[in-house]
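Asker:
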Amino acid sequence: MKKYDVTALGELLIDFTENGKSNQGNPLFEANPGGAPCNVLAMLAKLGHKTAFVGKVGNDFFGEQLKSAITEVGIDSTYLRMDDEVHTTLAMVHTYPDGDRDFSFYRNPGADMMLKETEIPETLIKDSKIFHFGTLSMTHEGVRAATKKAIHVAEETSAIISFDPNLRPPLWNSLDEAKEQVLYGLEHCHILKISDNEIQWLTGKSDFTEGVNWIHERYQIPLILVSMGKNGSRAYYEGMMVEEKPFLQKNTIETTGAGDTFCGCVLHYICEHDLKGLTEENLKEMLRFANAAASLITTRKGALRVMPDVEEIEKLICNTGISRVSRD
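Following my numbering, the numbering of the sequence shown begins with 43 at its first residue and continues without gaps.
Laid out in structure tokens, this is it:
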């Protein structure tokens with residue numbers, strides 16, 4: 043038995059999300075803790091899993107806020123490093139009327155980019171059942187080397203490797219470079235969570251199943267999840283394709299963290315059931331639970347501190363009249 047269920051590596055930053063206007067008509071922003079890998083871990087911690095984070099923030103006010111936040115939600119912050127020279131990465135989140143959003147990053151450089159290969163805690167990764175990462179830790183050479191070392195350690199110890207590209211085009215020198223690193227992630231993962239627009243960009247296929255087939259022709263990935271926003275989600279596993287409808291909310295505020303919440307719930311299901319021998323009913327149950335959780339997070343500002351608990355998720359599922367498959 044390994045000590046940690048899931049360890050993630052990557053960015054931890056402040057998401058400045060719009061929160062009304064001042065008396066002068068100026069936009070007000072709330073400093074929410076964020077970053078995709080820690081959002082995933084926060085969902086897992088809320089569901090009772092032992093999690094740890096590997097990354098770097100600035101030794102500044104925001105860095106202290108982030109360390110306190112992840113500790114507060116139950117993520118082991120022992121391996122979060124503080125940089126004395128580079129400030130914590132910031133992201134300005136602009137929300138559109140339909141709840142979708144756009145990002146502007148203050149990261150030239152940002153502390154999350156400063157993680158070094160020599161700072162990878164090999165013992166932690168060796169003691170983790172699942173290792174999760176994305177591509178924001180692969181945009182620059184130093185942190186890219188650190189990420190690849192962590193992946194190598196995870197492979198050596200037969201950990202399940204989970205990958206979410208989480209593409210943010212403004213952070214890359216070019217989309218060709220981004221594609222090269224995404225393909226590296228595909229080569230080394232067992233679970234791929236990819237969004238509808240990302241799979242179309244990567245494969246050039248407008249049909250998601252054709253896109254997944256394009257990936258399968260090149261990489262042996264046991265479980266591929268395609269998140270489709272308002273159209274729900276799909277799971278591709280051992281020749282099966284399972285699709286589940288979304289849980290649409292009338293009071294959606296923004297979609298920040300929805301994909302991370304979805305991904306955390308998928309990893310929760312894998313922690314509980316393993317990656318082998320999943321049935322069609324298993325996949326349906328997994329997607330239903332993940333879709334419900336993702337919909338709940340769209341009704342809240344931020345994500346990391348406000349993840350839904352299992353009772354909220356199951357209540358939403360039950361209120362739709364969908365019967366659930368009993369857990370093992």
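Every residue gets a Cβ at the ideal spot worked out from N, C-alpha and C, and that includes glycine.
Rounded to a whole number of angstroms, what is the C-alpha to C-alpha distance between Met-270 and Glu-322?
Answerer: C-alpha separation (whole angstroms): 19 Å.
Asker: Can you check whether the CB of Phe-250 is closer than 8 Å to the CB of Gly-227?
Answerer: Contact flag unset, no.
Asker: Using alpha carbons as the reference points, say which of Ala-78, Lys-44, Glu-53, Lys-63 lies closest to Ala-300.
Answerer: Ranking Ala-78, Lys-44, Glu-53, Lys-63 by Cα distance to Ala-300 puts Ala-78 first.
Asker: Assuming contact is defined by CB atoms lying nearer than 8 Å, are Leu-338 and Leu-358 in contact in what I supplied?
Answerer: It is a contact, given that the beta carbons lie within the stated cut-off.
Asker: How big is the Cα-Cα spacing for Thr-294 and Arg-342?
Answerer: Spanning the two alpha carbons is a distance of roughly 8 Å.
Asker: Output the distance between the C-alpha atoms of Pro-207 and Thr-303, rounded to the nearest integer angstrom.
Answerer: Going from the Cα of Pro-207 to the Cα of Thr-303 covers about 15 Å.
Asker: When DSSP labels each residue in this structure, what does Asn-65 get in the three-state scheme?
Answerer: Coil at Asn-65, not helix or strand.
Asker: In angstroms with no decimal places, state the Cα-to-Cα distance between Glu-356 and Pro-264.
Answerer: The alpha-carbon atoms of Glu-356 and Pro-264 are separated by roughly 27 Å.
Asker: Going by CA-CA distance only, name the one from Leu-89, Lys-109, Leu-70, Phe-175 that's closest to Thr-49.
Answerer: When only C-alpha atoms are compared, the closest one is Phe-175.
Asker: Can you list the alpha helix (DSSP H) stretches of 4 or more residues lying completely in the stretch 273–340, in chain order?
Answerer: For the stretch 273–340, whole alpha helix (DSSP H) runs of length 4 or above, ordered along the chain, are 300–315, 322–339.
Asker: Run through the DSSP bridge pairs and tell me what Thr-93 is partnered with.
Answerer: According to DSSP, Thr-93 bridges with Val-48, Ile-117.
Asker: Which residue comes first and which comes last in the alpha helix (DSSP H) that contains Asp-169?
Answerer: That residue, Asp-169, is in no alpha helix (DSSP H); it is neither H nor E in DSSP.
Asker: Thinking Pro-163 and Val-96 are a contact (beta carbons under 8 Å), I'd like their distance in whole angstroms, please.
Answerer: Going by Cβ atoms, the distance from Pro-163 to Val-96 rounds to 6 Å, so yes, they are a contact pair.
Asker: In chain order, what residues of the same chain lie with their CB nearer than 6 Å to the CB of Asp-118, ignoring the 5 residues before and after it?
Answerer: Result list for Asp-118: Ala-94, in chain order.
Asker: Verify whether the separation of the beta carbon atoms of Ile-56 and Ala-153 is less than 8 Å.
Answerer: Cβ atoms of Ile-56 and Ala-153: not closer than 8 Å.
Asker: Is there a Cβ from chain C that is less than 8 Å from the Cβ of Asn-65?
Answerer: Note that chain C does not occur in the displayed structure, where there is just one protein chain.
Asker: Pop quiz: Val-224 and Thr-181 are said to be a contact at Cβ under 8 Å. What is the actual Cβ separation, rounded to whole angstroms?
Answerer: At roughly 11 Å, the Cβ-Cβ gap does not stay under 8 Å, so Val-224 and Thr-181 are not in contact.
Asker: Is it the case that the Cβ atoms of Glu-286 and Asn-239 are separated by a distance below 8 Å?
Answerer: Taking 8 Å as the Cβ cut-off, Glu-286 and Asn-239 do not qualify as a contacting pair.
Asker: Within its chain, find whatever has a CB closer than 7 Å to the CB of Ser-365; leave out the 5 residues flanking it on each side and keep chain order.
Answerer: Unreliable placement is indicated for Ser-365, whose pLDDT of 39 sits below 50; the coordinate value is still reported in the next sentence. Hits under 7 Å: none found.
Asker: In three-state terms, what does DSSP make of Ile-136?
Answerer: In the sequence under discussion, the amino acid at residue 136 is His, which differs from the Ile named in the question. Correct three-state label for His-136: strand.
Asker: Using the C-alpha atoms, what's the distance from Lys-44 back to Asn-23?
Answerer: Given a span of 43 to 370 for the chain in the structure shown, any question on residue 23 remains unanswerable.
Asker: What distance in whole Å lies between the Cβ atoms of Glu-280 and Ser-179, which are believed to be in contact at a cut-off of 8 Å?
Answerer: Contact flag wrong, Cβ pair sits at about 30 Å.
Asker: Would you call the CB atoms of Leu-309 and Ile-203 closer than 8 Å?
Answerer: No.
Asker: Which runs of the alpha helix (DSSP H) spanning at least 4 residues fall entirely within the stretch 179–239, listed in chain order?
Answerer: Whole alpha helix (DSSP H) segments, 4+ residues: 183–198, 217–230.
Asker: With a threshold of 6 Å on Cβ separation, who are the neighbours of Glu-197 within its own chain once the five nearest residues in sequence on each side are excluded?
Answerer: Closer than 6 Å at the Cβ level, and outside the excluded window around Glu-197, lies no residue.
Asker: Could you name the residues of the same chain whose beta carbon sits closer than 6 Å to that of Val-195, not counting the 5 residues immediately before and after it, in chain order?
Answerer: Correct list, in chain order: Glu-164, Ile-167.
Asker: Among residues of its own chain, excluding the 5 on either side of Val-254, which ones have a beta-carbon nearer than 6 Å to its beta-carbon?
Answerer: Excluding positions up to five away in sequence, the list reads Ile-266, Tyr-278.
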